[in-house]
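Residues 4 to 269 (the numbering used here) are what the sequence shown spells out, left to right.
No residue lacks a Cβ here, since even glycine has one placed at the ideal position from N, Cα and C.
Here the structure is a predicted model, which means the values were calculated and not measured.
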Amino acid sequence: MAPVASPKPAKKKDNTDGRVFAEKRVLRIPKELVLSYYNRHSDFRRAVDSGKYIYIDGLFVLRPIATILLEHHIDVHAFFRSKKLFANKNGLTAFCLCEEHLFVERKPKPDELYHSAREYKGRRIAHAEKIASIDTISKEMFLGFVSGGGQEPPLDFSGMLTFFMKQKDVTEEELAELTGISDRTIRRYKNDEGERPTLENVVAIGIALHLFPHQIMGLLGAAGYQLRRTPKERAYQYLIDAAYNNTVYECNLFLKKSGMQPLTNL
Numbered sequence: 004m005a006p007v008a009s010p011k012p013a014k015k016k017d018n019t020d021g022r023v024f025a026e027k028r029v030l031r032i033p034k035e036l037v038l039s040y041y042n043r044h045s046d047f048r049r050a051v052d053s054g055k056y057i058y059i060d061g062l063f064v065l066r067p068i069a070t071i072l073l074e075h076h077i078d079v080h081a082f083f084r085s086k087k088l089f090a091n092k093n094g095l096t097a098f099c100l101c102e103e104h105l106f107v108e109r110k111p112k113p114d115e116l117y118h119s120a121r122e123y124k125g126r127r128i129a130h131a132e133k134i135a136s137i138d139t140i141s142k143e144m145f146l147g148f149v150s151g152g153g154q155e156p157p158l159d160f161s162g163m164l165t166f167f168m169k170q171k172d173v174t175e176e177e178l179a180e181l182t183g184i185s186d187r188t189i190r191r192y193k194n195d196e197g198e199r200p201t202l203e204n205v206v207a208i209g210i211a212l213h214l215f216p217h218q219i220m221g222l223l224g225a226a227g228y229q230l231r232r233t234p235k236e237r238a239y240q241y242l243i244d245a246a247y248n249n250t251v252y253e254c255n256l257f258l259k260k261s262g263m264q265p266l267t268n269l
């Protein structure tokens, strides 16, 4: 019997060599698109759910850097443009959540009038390069860049709530409108009367006051809460880290679309 000829390898249709290379670019998302982007992209959702990033003015910045920038009211874009801190380095890809755009090299075909040397194959979320450390910035350099400070809030929940309401110049009635929590309940919280506030109410108050993520976490700690890795509390952590400049109403819509109960009845 004659030997069976081996099948010929399939001819590549795209004229590429199959080698993939990536270009890393910082991920920039406008504030009004963050919630929908989180719902639509699972790889982005996993990265944000890791708790390693805080959203600041379009960027997801590693938490240690982000906390200091927020505490000292430093413009995030000015910070990453600083030649003193990032001479010959890309601070954005080092300390911010990124996208990797994937390409394959493409050889020209004989009948092509125009040849593109690479073919786009998609994109994926990539963690910051310095996810495990911030040691490329010296302490002296960083302290030389930051300035300011401020009065620290009291450690108890009622005192902390009073402190932040005064700082934001928000009355009990105004906070009630912003949160959907009654002004009577807010008054009890300020006076340390009755039961401790619910987890949902504390998150709603922090978002309504547009507190920074570390401040909302402090408020939660003062009320006796520590977020766990349950789906509901991961969603709350996301709101704290990425949606603290949104309204409680917008956050409630996000939770409803995600199949969860809203923070309040607002």
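> DSSP state of Phe106, grouped into three classes?
Replying inline: Along the sequence shown, read from residue 1 onward, the residue named residue 106 stands at position 103. It is a strand residue.
> Are the segment 42 to 51 and the segment 179 to 193 touching by the rule of at least three beta carbon pairs closer than 8 Å?
Replying inline: The segment 42 to 51, when compared against the segment 179 to 193, does not touch it at the 8 Å Cβ threshold.
>> Our contact map puts Thr96 next to Val29 with C-beta atoms below 8 Å; I'd like the distance itself, whole angstroms only.
In response: In the sequence shown, residue 96 corresponds to position 93, counting from 1. In the sequence shown, residue 29 corresponds to position 26, counting from 1. That belief holds up - the Cβ atoms of Thr96 and Val29 are roughly 6 Å apart, short of 8 Å.
> Are the beta-carbon atoms of Leu269 and Leu258 separated by less than 9 Å?
Replying inline: Along the sequence shown, one-based indexing puts residue 269 at 266. Along the sequence shown, one-based indexing puts residue 258 at 255. Contact: no.
> Less than 9 Å separating the beta-carbons of Thr250 and Leu181?
Replying inline: Taking the first residue of the sequence shown as position 1, residue 250 is located at position 247. Taking the first residue of the sequence shown as position 1, residue 181 is located at position 178. In terms of Cβ geometry, Thr250 and Leu181 form a close pair [threshold 9 Å].
>> For Glu203 and Leu266, I'd like the C-alpha separation in whole angstroms.
In response: On the sequence shown, position 200 is the one that residue 203 refers to. On the sequence shown, position 263 is the one that residue 266 refers to. Distance between the alpha carbons of Glu203 and Leu266: 5 Å.
> In terms of residues, what are the limits of the beta strand (DSSP E) holding Arg66?
Replying inline: On the sequence shown, residue 66 is found 63 positions in, with the first residue counted as 1. In the DSSP assignment, Arg66 falls outside any beta strand (DSSP E) and within the unbroken alpha helix (DSSP H) covering Arg66 to Glu74.
> Taking C-alpha atoms, which residue in Phe82, Asp78, Leu256 and Cys101 lies nearest to Ile32?
Replying inline: By 1-based counting over the sequence shown, the position of residue 32 is 29. Nearest to Ile32 by C-alpha distance, out of Phe82, Asp78, Leu256 and Cys101, is Cys101.
> How would you write the range of the beta strand (DSSP E) that Tyr56 sits in, first residue to last?
Replying inline: In the sequence shown, residue 56 corresponds to position 53, counting from 1. Counting along the chain, the beta strand (DSSP E) containing Tyr56 begins and ends at Tyr56 to Ile59.
> Using the C-alpha atoms, what's the distance from Val51 back to Arg237?
Replying inline: Along the sequence shown, read from residue 1 onward, the residue named residue 237 stands at position 234. Along the sequence shown, read from residue 1 onward, the residue named residue 51 stands at position 48. One C-alpha to the other measures close to 10 Å.
>> In whole angstroms, give me the CA-to-CA distance for Phe166 and Phe160.
In response: Along the sequence shown, one-based indexing puts residue 166 at 163. Along the sequence shown, one-based indexing puts residue 160 at 157. If I take the Cα positions, the gap works out to 10 Å.
>> Using only CA atoms, which one of Ala81, Arg231, Met220 and Gly227 lies nearest to Arg199?
In response: Position 196 of the sequence shown holds residue 199. Ranking Ala81, Arg231, Met220 and Gly227 by Cα distance to Arg199 puts Gly227 first.
> How would you call Val23, buried or exposed, if buried means at least 16 neighbouring beta carbons within 10 angstroms?
Replying inline: Your numbering for residue 23 matches position 20 in the sequence shown. Counting every other CB atom within 10 Å of its CB across the protein chains shown gives Val23 a total below 16, marking it as exposed.
>> Measuring only from the beta carbon, is Ala81 closer than 8 Å to any heavy atom that is part of the ligand NAD?
In response: Within the structure as shown, the ligand NAD is missing, as the structure has no ligands at all.
> Considering only C-alpha positions, which residue in the set Lys34, Ile57 and Pro234 is nearest to Pro216?
Replying inline: Here residue 216 is taken as the residue at index 213 of the sequence shown, counted from 1. That would be Ile57, whose Cα lies nearest to the Cα of Pro216.
>> If I measure Cβ to Cβ from Phe47 and keep anything under 7 Å in the same chain, skipping five residues before and after, which residues do I get?
In response: As a first step, residue 47 must be located in the sequence shown, where it is residue number 44. Non-local beta-carbon contacts of Phe47 in its own chain, meaning distances under 7 Å to residues more than five positions away in sequence, involve Tyr40, Tyr41 and Ile128 in chain order.
> Among all the DSSP beta bridges, which residues are the ones paired with Leu62?
Replying inline: Here residue 62 corresponds to residue number 59 of the sequence shown, with the count starting at 1. Answer is Ile59.
>> Between the alpha carbons of Ala207 and Tyr123, how many angstroms are there, rounded?
In response: The residue given as residue 207 occupies position 204 in the sequence shown. The residue given as residue 123 occupies position 120 in the sequence shown. Within the model, the alpha-carbon separation for Ala207 versus Tyr123 is close to 42 Å.
> Taking the alpha-carbon positions, what's the Ala25 to Leu105 distance?
Replying inline: Translated into the one-based positions of the sequence shown, residue 25 becomes position 22. Translated into the one-based positions of the sequence shown, residue 105 becomes position 102. In this model, Ala25 and Leu105 are separated by some 5 Å (Cα to Cα).
> CA-CA distance, Lys1 and Pro111?
Replying inline: It is not possible to answer for residue 1, since the shown part of the chain is limited to 4 through 269.
> Should Lys86 go down as buried or exposed, given a rule of 16 or more other Cβ atoms within 10 Å for buried?
Replying inline: Start at 1 with the first residue of the sequence shown, and residue 86 comes out as number 83. Of the other Cβ atoms in all chains shown, fewer than 16 fall within 10 Å of the Cβ of Lys86; this residue is therefore exposed.
> In terms of residue numbering, what span does the alpha helix (DSSP H) encompassing Glu253 cover?
Replying inline: Here residue 253 refers to the residue found at position 250 when the sequence shown is read from its first residue. Residues Val251 to Lys260.
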